[in-house]
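Take 0 as the starting number for the sequence shown in numbering that gives the first Met the number 0 and just add one per residue.
Every residue, glycine too, gets a C-beta built ideally from N, C-alpha and C.
None of these values were measured; they are calculated from a predicted model.
Just below is one structure, and these are the notes that go with it.
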Amino acid sequence: MGKYIAKRLLWIIPVVLGVTVMVFTIMYLTPGDPARMILGSNATEEKLEELHDELGLSGSYPERLGRYIKQVFVDRNLGASYYTGVSVTEQIKVRLPFTLRVAAISMCIAALIGIPLGILAATHHYTWIDNLAMFASLFCVSMPSFWFALILVSFFSVKLGILPAAGLRDWTGYVLPCISLAIGGAAGLARQTRSSMLEVIRQDYITTARAKGQTERKVIFKHALKNALIPIITVMGGSFGGSLGGALIAETIFSIPGMGVYLTGAISQRDYPIIQGGVLFISICFCLIILCVDIIYAFVDPRIRSQYLNRNRKKKGRKGDTVL
């Protein structure tokens, strides 16, 4: 298992390198000159050339790409903002915890709502409970998240006055943005849980467990749900990774100083170091999340765990045969 984790960590290096090259190329081909946006339309060519040299925007594509790769992977420096001069790394350290907390809390809420709803729909297949659960999940998936967030603000903040409309001064500030983010994830989890549970419930070992006289609760939660968790965990991992950069609407509406607002503001200003550094950091986080999901697979499913153990035993056996 340790060798597998080490191998997957090494595979992150070419992925991150590919993301770096791709994002840099997109920024290079994107119309617009950051230097002209900073100096204004009346700036002279001499001033523009001086600022190009200062910002590292002069030179051909291979030269600029080589300088940026050296800066990131050798000097371990993501650069500084064109406008504020603040280090991108320092800003990410400040902003990423807000996005991580919001994404983690919203994913927990989505799991607490979506998984039981999917189990309920699967165990009452083709009944009004199943139809109602799937209608609710389809409605939540189709509902615009910004509209739902505004409804939450108008009701709980403006009308009732029990929750803050913006800011994260204490734990109450996380309630509305996390719920607004969780509702779509809960709907997706409910549909995935229902599909996985229906596939597992029809298996022969579930019929055997019922024939042995085990309670329906034990059959569902100990046998069926445990074997249906793999696709559910996959959906949860992907949703959590996507939330790192996709929580823009919640961060904008609720004034959360997270990564989404940070990157969007940089895109409108052509602030290349922030865009490149932010996307690079999010890609690393996403790779680590997918690695954690694969590790969780081994703990949830004994068959996957036995595959790792069998590989290690075979390798040890081959080494022993070689020595003999």
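- Within the same chain, Ile232, Thr233, Gly236 come within 7 Å of Val292 by CB-CB distance, once the 5 residues on both sides are set aside.
- For Arg7, same chain residues with a beta-carbon under 6 Å away, outside a window of 5 residues either side, are Leu290 in chain order.
- By the neighbour-count criterion, in which a residue is buried when 16 or more other Cβ atoms sit within 10 angstroms of its Cβ, Phe280 is buried.
- Three or more beta-carbon pairs drawn from the region 164-179 and the region 98-107 are found closer than 8 Å, and the two stretches are therefore classed as touching.
- According to DSSP, residue pairing for Ala79 in a beta bridge involves Ser86.
- Counting along the chain, the unbroken alpha helix (DSSP H) around Trp146 starts and ends at 144-151.
- Taking C-beta separations shorter than 8 Å and ignoring five residues to either side along the sequence, the partners of Leu149 in its chain run Ile252, following chain order.
- Closest option to Ser141, judged by alpha-carbon separation, among Gly187, Ile229, Pro256: Gly187.
- Taking the CA atoms as reference points, Ile114 sits about 37 Å from Ala265.
- Within the same chain, His51 come within 6 Å of Ser57 by CB-CB distance, once the 5 residues on both sides are set aside.
- Bounds of any alpha helix (DSSP H) do not take in Ser254, whose DSSP letter is neither H nor E.
- Residue Met21 holds the alpha-carbon nearest to the alpha-carbon of Val278 among Leu111, Met21, Ala185, Glu62.
- Setting aside the 5 residues that flank it on each side, Ile274 is surrounded in the same chain by Val22, Met26, Leu262, Ala265, Ile266, each with a C-beta closer than 8 Å to its C-beta; the list follows chain order.
- The three-state secondary structure of Tyr67, taken from DSSP, is helix.
- A contact is defined here as three or more CB-CB pairs under 8 Å, and the region 187-201 meets this definition with respect to the region 130-144.
- Annotated three-state conformation of Ala186 is helix, per DSSP.
- Note on Ser305: under 16 other CB atoms within 10 angstroms of its CB, so exposed under the neighbour-count rule.
- Distance from the CA of Asp32 to the CA of Gly65, rounded to the nearest whole angstrom, comes to 20 Å.
- Close CB contacts of Ile283 within its chain, under the 8 Å cut and outside five residues either way in sequence, are with Ile11, Val15 (chain order).
- By the 16-neighbour rule on beta-carbons within 10 angstroms, Pro163 is buried.
- With respect to the C-alpha of Ile182, the residue from Arg209, Val85, Ser242, Val71 having the closest C-alpha is Ser242.
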